[in-house]
Amino acid sequence: EAGVAQSPRYKIIEKRQSVAFWCNPISGHATLYWYQQILGQGPKLLIQFQNNGVVDDSQLPKDRFSAERLKGVDSTLKIQPAKLEDSAVYLCASSLGTGTPSFGGELFFGEGSRLTVL
Amino acid sequence: GESVGLHLPTLSVQEGDNSIINCAYSNSASDYFIWYKQESGKGPQFIIDIRSNMDKRQGQRVTVLLNKTVKHLSLQIAATQPGDSAVYFCAENLENYGQNFVFGPGTRLSVLP
Numbered sequence: 001e002a003g004v005a006q007s008p009r010y011k012i013i014e015k016r017q018s019v020a021f022w023c024n025p026i027s028g029h030a031t032l033y034w035y036q037q038i039l040g041q042g043p044k045l046l047i048q049f050q051n052n053g054v055v056d057d058s059q060l061p062k063d064r065f066s067a068e069r070l071k072g073v074d075s076t077l078k079i080q081p082a083k084l085e086d087s088a089v090y091l092c093a094s095s096l097g098t099g100t101p102s103f104g105g106e107l108f109f110g111e112g113s114r115l116t117v118l
Numbered sequence: 001g002e003s004v005g006l007h008l009p010t011l012s013v014q015e016g017d018n019s020i021i022n023c024a025y026s027n028s029a030s031d032y033f034i035w036y037k038q039e040s041g042k043g044p045q046f047i048i049d050i051r052s053n054m055d056k057r058q059g060q061r062v063t064v065l066l067n068k069t070v071k072h073l074s075l076q077i078a079a080t081q082p083g084d085s086a087v088y089f090c091a092e093n094l095e096n097y098g099q100n101f102v103f104g105p106g107t108r109l110s111v112l113p
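Just so you know, the sequences run in chain order H and A. The working numbering numbers the first residue of the first sequence as 1 and each following residue consecutively. The working numbering numbers the first residue of the second sequence as 1 and each following residue consecutively.
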């Protein structure tokens with residue numbers, strides 16, 4: 001089974017520029033997540049989709065971050081304009097289900113996209 | 001022993017010894033918990049999970065213990081191997097909130113030869 005695919009793996013930009021990350025979840029997974037992981041910290045949820053609808057975007061800085069999941073499959077996360085503090089790894093994850101998780105309800109993560117803002 | 005590093009708590013153990021990694025979770029309403037392992041340059045990888053109606057669950061070489069009274073999780077790794085060196089995160093899921101996981105700050109495990 002193919003895992004969660006993300007691209008690009010690395011991106012270096014200057015502040016105020018824009019960047020976009022792409023994620024293709026595991027086939028059949030209804031739920032897709034974008035997490036931001038700053039060096040030395042745990043992942044922090046930015047946005048959660050269920051199919052192509054947003055479940056939770058309460059921690060997404062909407063003045064500069066946007067995300068979409070058209071057709072309920074792959075997703076893009078965009079940052080415009082980027083700030084120095086956006087330097088982080090952006091992790092995409094997917095999971096099978098909806099509702100209350102049971103055993104095996106874990107998230108499957110991609111390798112991440114490392115962003116450096118200069 | 002454990003020490004607080006610049007960013008992450010670090011646990012150093014001798015190869016072959018048992019490791020215990022601790023996690024304090026934040027919400028008493030959380031009903032499902034997962035331990036993840038993250039190696040350098042990779043995404044987090046599932047290790048083991050447990051529901052709030054259990055105190056203990058065992059996997060291959062790993063055991064998770066849950067103490068709801070003090071909101072504490074621990075991950076025990078038996079016969080720690082060099083390949084176990086990584087950062088370990090606990091993640092909690094809030095009851096009746098779908099699959100919305102909140103991650104802890106992580107602990108770095110270093111296995112000494």
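Every residue gets a Cβ at the ideal spot worked out from N, C-alpha and C, and that includes glycine. Predicted model, so just to flag it, every value in this text is computed and none were measured.
Query, Result
"If I follow the unbroken beta strand (DSSP E) through T116/H, where does it start and stop?", "S113 to V117"
"Please determine, among L45/H, N51/H and H29/H, the residue with the shortest C-alpha to C-alpha distance to A88/H.", "L45/H"
"Let me check understanding here. Comparing Cα to Cα, which of L11/A, Y32/A and Q14/A lies closest to L94/A?", "Y32/A"
"List, in chain order, every chain A residue whose beta-carbon is nearer than 8 Å to that of P25/H.", "The premise fails here: P25/H is roughly 12 Å from chain A at the closest Cβ pair, so nothing lies under 8 Å."
"Take L32/H as the anchor and find which of D74/H, P43/H, R114/H and Y10/H has the nearest alpha-carbon.", "D74/H"
"Residues of the region 38-64 of chain A with a CB closer than 8 Å to any CB of chain H: list them in chain order, please.", "G41, K42, G43, P44, Q45, F46, D49 and R51"
"Residues in the same chain with beta-carbon distance under 8 Å from R9/H, minus the five sequence neighbours each way, listed in chain order, please.", "E111, G112, S113 and R114"
"Could you tell me the distance, in whole angstroms, from the CA atom of L77/H to the CA atom of V111/A?", "36 Å"
"Check whether the Cβ atoms of I21/A and Q60/A lie closer than 9 Å to each other.", "no"
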